[in-house]
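A quick write-up on the structure given underneath.
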Amino acid sequence: MQLHLPLSPIDRANQPPLYYLQVQDSLILLTSCLWTVAYVLYVRQAFRDKSYGMPLVCLCANIAWEFLFGVAVPTSAAQTVAFVPWLLIDVGIVYTTSRFGRDQWKQAPFVANNMGLILTSGILFMIACFWAFIGTVGLDAASFYIGYGDQLLIGTTSVAQLISRNNTSGHSWGIWFYRATGTFVSILLFAWRVGGS
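Be aware that the sequence shown starts at 1, since it is given in the working numbering, and climbs by one per residue.
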């Protein structure tokens with residue numbers, strides 16, 4: 001059976017064998033599912049705890065990455081299929097961050113009172129930075145570096161957020177498990193692509 005996701009420009013040029021595409025597709029779909037579950041859990045946990053989990057800078061970077069590579073300049077149909085649902089779930093993450101973020105920033109009134117402005121300007125700033133990076137290194141390389149950079153940023157700033165809050169509000173073991181496992185599978189995907197090229 002010749003079933004696989006639409007080919008990326010690199011796959012169209014290389015014409016890899018069907019088994020290669022099917023393994024690659026399975027890893028793409030698994031990563032997408034795991035990260036989607038993590039995103040949904042971020043929203044659910046935010047409502048449960050009346051808090052938010054994804055750090056502000058990560059949320060801005062995430063939305064910029066998903067918008068650029070899922071809507072504006074996707075490198076493959078698979079990116080659009082994965083990123084657009086994430087963008088839709090991000091609406092819930094932005095909502096819960098705006099709604100509950102003020103309470104987490106009582107010690108910094110400027111942030112607490114300007115959460116919407118900070119998120120909007122942060123997203124626009126990240127889009128501009130990522131767009132400049134795309135122009136510098138190219139679309140495929142930028143997609144990789146920005147994506148992995150964003151995952152590194154989420155991991156490190158989430159730990160910093162837990163330490164600074166001195167509580168786990170907005171976070172859960174499920175979020176960490178699904179996000180970390182999704183990131184691990186995406187590393188396997190990268191290794192598969194590099195090993196197969």
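Built from N, CA and C at the ideal position, the CB exists for glycine as well. All values derive from a computational prediction rather than experimental measurement.
Note down the Cα distance separating residue i from residue j, rounded to an integer number of angstroms.
| i | j | result |
| --- | --- | --- |
| GLN15 | PRO85 | 29 Å |
| TYR95 | LEU18 | 42 Å |
| ILE146 | TRP65 | 7 Å |
| LEU152 | LEU3 | 33 Å |
| ALA112 | PRO6 | 44 Å |
List the endpoints of the continuous alpha helix (DSSP H) containing residue i.
| i | result |
| --- | --- |
| ALA78 | 77–104 |
| PHE110 | 109–113 |
| VAL73 | Careful: VAL73 lies outside any alpha helix (DSSP H) and carries neither H nor E. |
| GLN161 | 139–165 |
| THR36 | 18–49 |
Can you say whether residue i is buried or exposed, counting buried as having 16 or more other CB atoms within 10 angstroms of its CB?
| i | result |
| --- | --- |
| ASN62 | buried |
| ILE10 | exposed |
| GLN249 | This structure does not reach residue 249, given that the chain is present from 1 up to 197, and the question cannot be answered. |
| ILE123 | buried |
Does the Cβ of residue i lie closer than 7 Å to at least one heavy atom of the ligand SAM?
| i | result |
| --- | --- |
| SER186 | This structure lacks the ligand SAM, and indeed carries no ligand of any kind. |
Can you find the residues in the same chain that come closer than 8 Å, C-beta to C-beta, to residue i, ignoring five residues on each side of it along the sequence?
| i | result |
| --- | --- |
| VAL185 | LEU27, LEU30, THR31 and LEU34 |
| GLY70 | GLN79, THR80, ALA82, PHE83, VAL84, TRP86 and LEU87 |
| ASP150 | CYS58, ALA61, ASN62 and TRP65 |
| LEU119 | LEU56, LEU59, CYS60, VAL94, THR97 and SER98 |
Return the chain-ordered list of same chain residues with a C-beta closer than 6 Å to the C-beta of residue i, the five sequence neighbours on each side being excluded.
| i | result |
| --- | --- |
| ILE154 | CYS58 |
Validate contact between the stretch 22–40 and the stretch 160–173 using beta carbons, cut 8 Å, 3 pairs: no
Three or more C-beta pairs below 8 Å linking the stretch 76–84 and the stretch 122–135: no
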